[in-house]
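Worksheet for the structure shown next.
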Amino acid sequence: MRGDLYRLRSRKGAVGHEQRGARYAVVLQTEALNTSTLIVAPTSTSAAPGLLHPKLDMEGTATVVLVEQMTAVDPERLGDFAGRVEPDEWSDIERAVKLVLGLL
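252 is the number that the numbering used here gives to position 100 of the sequence shown; each next residue is one higher, with no gaps.
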């Protein structure tokens with residue numbers, strides 16, 4: 153569901169600045185679309201917050217959403233449910249998505 157946080161199983165073959173290792177991801181895709189993949193954005197605890205990196209508080213851990221690295225994943229890559237994005241955090245994520253896609 154849109155706004156849910158899941159553990160994201162790592163994928164092999166990441167190159168360059170693509171994210172590696174186990175991390176969490178935010179589901180960006182609306183539930184209205186019934187497709188074989190989900191659009192998600194990975195998170196990071198080491199990247200600095202900014203326009204493209206909205207902040208999340210994951211149980212006391214400062215985390216950012218790497219919106220510029222949103223990608224489509226097979227739902228099988230999603231692991232354990234880890235919570236939901238708060239409404240004020242979600243509006244920052246939506247703003248970043250619009251910025252990345254040139255919709256502002």
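The C-beta atom is built at its ideal place from N, Cα and C for all residues, glycine as well.
Note that the structure is predicted; figures quoted are calculated from it, not measured.
How should residue i be labelled, buried or exposed, when 16 other C-beta atoms within 10 angstroms of its C-beta is the threshold for buried?
i      : result
THR215 : buried
PRO194 : buried
May I ask you to check if the CB of residue i is nearer than 8 angstroms to at least one heavy atom of the ligand MN?
i      : result
ALA177 : In the structure shown, the ligand MN is absent, as is every other ligand, since no ligand is present at all.
Determine the direct distance from the alpha carbon of residue j to that of residue i, and round the result to whole angstroms.
i      : j      : result
LEU218 : GLU246 : 12 angstroms
GLN221 : VAL192 : 9 angstroms
MET153 : THR197 : 23 angstroms
VAL179 : ALA200 : 21 angstroms
LEU255 : VAL249 : 8 angstroms
TYR158 : VAL225 : 12 angstroms
Does residue i come out as helix, strand or coil in the three-state DSSP assignment?
i      : result
ASP244 : helix
LEU251 : helix
VAL178 : strand
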